[in-house]
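Scroll down for the structure; my scribbles are underneath it.
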Amino acid sequence: MNKIILLGRLTREPEARMTANDKLCTTFTLAVDRPFSRGKEKEADFINIVTWNKTAEVAGNFLHKGQRALVEGRLQIRSYEGKDGQKHWVTEVIADHLEFVEPKGSSAPSGPMDAFGPGGGPVSQPAKPPAPKIEQQNYFEEEFPF
1 MNKIILLGRL TREPEARMTA NDKLCTTFTL AVDRPFSRGK EKEADFINIV
51 TWNKTAEVAG NFLHKGQRAL VEGRLQIRSY EGKDGQKHWV TEVIADHLEF
101 VEPKGSSAPS GPMDAFGPGG GPVSQPAKPP APKIEQQNYF EEEFPF
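Each residue of the sequence shown is one higher than the one before, starting from 1 at the first, in the UniProt record's numbering.
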């Protein structure tokens, strides 16, 4: 079974793009804290997340840098040949379920981390409608020969 559940904060704004097949793809990076022992500094893993279609639409519209999110999906390891002719490996999580962990109006940062006005106070941002919880079908099955 290949199932991943991650809880972390977005390290950058999600990036959306359309594929050649007109499928929406949104990517972002999630910083996930590692368990730590006393006397050691906290460490985090920075995990690339890929979302497709409806999940990608929700991620692009409602997720922002600094926001906490729960991601469920599967681990994918793929390779490609770079312009230099070398084989490169990519490890990423294909997310099929997202949850927004922080309640609306929480004190934790939910927008860009540097969203402060000239007086040092937070800049007000327009309210967004509540984000729907979304499940996504696996669209990769037709791509694999097994």
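Just so you know, even glycine gets a beta-carbon here, dropped at the ideal spot from N, CA and C.
Only a predicted model underlies this, so the values are computations on that prediction, with no experimental measurement involved.
- Listed in chain order, the beta strand (DSSP E) elements of length 3 or more contained wholly in the stretch 32-109 are 44-52, 68-81, 87-100.
- Just so you know, the alpha carbons of Thr55 and Arg68 end up roughly 16 Å apart.
- Counting other Cβ atoms within 10 Å of its Cβ, Pro35 stays below 16 and is therefore classed as exposed.
- Residue pairing for Met18: DSSP places it in a beta bridge opposite Leu24.
- Taking the CA atoms as reference points, Val71 sits about 28 Å from Arg38.
- The DSSP-derived three-state label of Arg9 is strand.
- Segment contact: the stretch 44-64 against the stretch 79-88, fewer than three CB-CB distances shorter than 8 Å; contact not assigned.
- Of all alpha-carbon atoms in Tyr80, Leu75, Thr26, Val90, the one lying nearest the alpha-carbon of Phe62 is that of Thr26.
- About 7 Å separates the CB atoms of Ile49 and Thr29; that is less than 8 Å, so the two are in contact.
- The C-alpha of Leu75 is placed about 11 Å away from the C-alpha of Val90.
- About 5 Å separates the Cβ atoms of Val93 and Gly73, confirming a contact at the 8 Å cut-off.
- Within the same chain, Leu30, Ala31, Val32 come within 6 Å of Gly8 by CB-CB distance, once the 5 residues on both sides are set aside.
- In this structure, the straight-line span from the alpha carbon of Asp22 to that of Glu41 is close to 44 Å.
- Linking Trp52 to Glu13 through their CA atoms gives a straight-line distance of about 16 Å.
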